[in-house]
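Right, one structure below, let's go through it.
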Amino acid sequence: MLTSMADRDDPREHLRRFIRRSLDRNQPAGRFAGPRCEASEDSVMKSVNPYIGPRDRMIIEQLAAKGVRDERVLDAMRHVAREAFVPEELREAAYADQPLPLGEGQTISQPYIVGAMTEALGLEGGENVLEIGTGSGYAAAVLAHIARVVHSIERIPALARRARETLRRLGYDRVEVIEGDGSLGWRPAAPYDAIVATAEGPCIPPSLRAQLKPGGRLVMPVEDAACGQALVRLVRGTDGEDHVESIQPVRFVPLIGAEGWPDEDAWLAKMRADAGESFSRESYR
Ligand code: SAM
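Each step along the sequence shown adds one to the number in my numbering, with nothing skipped, and position 80 is 346.
Structure below.
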């Protein structure tokens, strides 16, 4: 099927292609096949939403419809069982359009943010990836569906242990979970094709930049004078020059470490000084 550039940029065309593939996949086959599913893309586009699974709905309504276009990312997020990464009592909310608490004052990021950050890394398959902030292990699992290997660092030992166990149980054997300060990167597996940090730093840590290959991409939230926090992407040029661009305003928990914030209190004091009475710790993901 030929797709024009205009179609590729049209969110409804993305949605339609997902539905088309979903219909193809669900056709009965073989000797015991029942009647063919007669639904058309048009009828599905109009009415299917209440009847498809929560993960497909997340892909369509929270990712494709909000502009995540990379089919590798959409496909990876179709495969990862998000419910396995959230605390048991919150499983029913696993596909809600919001971050969820993980314990230890931390969160599993909103699905859209995981999709947007993974897309910004520009992965094509075969990469060596570093993630800072393992949390539940969910984003590491998404990355592992595309990349060759994922090294993920978490500073809170209880979270690192739980994520390692979840990932092992689900068979993600290409994810290595490390306990430690990810603001310094992880030298044993450097250099990386891509680095993603899921906690906000005062700036891009020099150690992370230094551990990127030429042409490598780094995506992370950093302090921003205009909007508080912005998601930025740094591309390490082959000429040694960095190219940094701001992607969108975000709200993340702090990156605490030698090349991040010194501790949560320092970050809280700074956030309160900037936002005054309107600051609420709960709105940071
Ligand atoms: N990616 C995670 C997921 O899929 O569940 C969500 C991560 S949560 C928004 C941010 C995480 O960064 C927290 O678990 C926090 O403990 C961790 N973190 C903060 N500073 C860190 C540091 N210096 N090194 C490693 N992890 C850090």
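Just so it is clear, CB atoms sit at the ideal spot from N, CA and C, and this is done for glycine as well.
For clarity, every value in this text was computed on a predicted model and none was experimentally measured.
Other residues of its chain near G448: CB distance less than 6 angstroms, five sequence neighbours each side excluded: Cβ within range, chain order: I398, I419.
Proximity to Q328 [Cα-Cα], best of V346, Q364, R338: Closest in alpha carbon position to Q328, among V346, Q364, R338, is Q364.
Proximity to M383 [Cα-Cα], best of Q495, G391, M324, T464: The residue with the shortest Cα to Cα distance from M383 is T464.
Chain-order list of residues whose beta-carbon lies under 6 angstroms from that of G523 (same chain, five-residue window excluded): Same-chain partners within the cutoff: D447, S449.
Unbroken alpha helix (DSSP H) run spanning E445, endpoints: Element bounds for E445: not the alpha helix (DSSP H) but the beta strand (DSSP E), 441 to 445.
DSSP-derived helix/strand/coil call for A505: Going by the sequence as given, residue 505 is Asp instead of Ala. Coil.
Where E466 falls, given that 16 or more other Cβ within 10 Å makes a residue buried: That one is buried.
Outcome for G300 when other beta-carbon atoms lying within 10 angstroms are tallied against a minimum of 16: Unreliable placement is indicated for G300, whose pLDDT of 46 sits below 50; no coordinate value is reported for it.
Alpha-carbon to alpha-carbon, G481 and A347: Cα to Cα, A347 sits roughly 32 angstroms from G481.
DSSP three-state assignment for D540, whether helix, strand or coil: Three-state DSSP puts D540 in a helix.
E420: CB within 7 angstroms of a non-hydrogen atom of the ligand SAM: For the ligand SAM, at least one heavy atom lies less than 7 angstroms from the Cβ of E420.
Separation of G403 from A424, as counted between CA atoms: Spanning the two alpha carbons is a distance of roughly 12 angstroms.
Exposure of D540, with buried meaning 16 or more beta-carbon neighbours within 10 Å: With fewer than 16 Cβ atoms within 10 Å of its Cβ, D540 is classed as exposed.
Spatial neighbours of L366 in its chain, beta-carbon cut-off 7 angstroms, leaving aside the 5 residues before and after: Residues of the same chain with a CB within less than 7 angstroms of the CB of L366, apart from the 5 flanking positions on each side, are V352, L356, A359, T373, I374 in chain order.
Rounded Cβ spacing between R483 and R499 (contact assumed at less than 8 angstroms): Taking a contact as a CB-CB distance under 8 angstroms, the pair R483 and R499 counts as one, their CB atoms being some 6 angstroms apart.
Burial state of V416 (16 or more Cβ within 10 Å): V416 comes out buried.
Strand pairing of Y458, partner residues [DSSP]: Bridge partners of Y458: L478.
Buried or exposed (CB count within 10 angstroms, at least 16 for buried), P515: Of the residues assessed, P515 falls on the exposed side of the cut-off, its CB having fewer than 16 other CB atoms within 10 angstroms.
Sequence-distant residues of its chain with Cβ nearer than 8 angstroms to L436 (five each side left out): Cβ neighbours of L436 beyond the five flanking positions: A347, A350, A407.
Nearest-angstrom beta carbon gap, R440 and Q603 [assumed within contact, 8 angstroms]: Here the chain has residues from 267 to 551 only, and residue 603 is not among them.
Buried versus exposed call for E385 [16 or more other C-beta atoms within 10 Å across all chains shown]: Label assigned to E385: buried.
Close beta carbons around E511, own chain, < 6 angstroms, minus the five adjacent residues each side: Beyond the five residues adjoining it in sequence on each side, E511 comes within less than 6 angstroms, by CB distance, of R499 in the same chain, given in chain order.
H509 classed as buried or exposed, judged by whether at least 16 other C-beta atoms fall within 10 angstroms: It counts as exposed.
Local conformation of A299 per DSSP, three classes: Any reading at A299 must be qualified, since the residue scores a pLDDT of 45, below 50, and its modelled position is unreliable; no value is offered.
Beta-carbon proximity check, Y458 vs L396, cutoff 8 angstroms: Yes, the pair counts as a contact, with Cβ atoms nearer than the cut-off.
M537 to L497 span [Cα, whole Å]: Approximately 17 angstroms between the Cα atoms of the pair.
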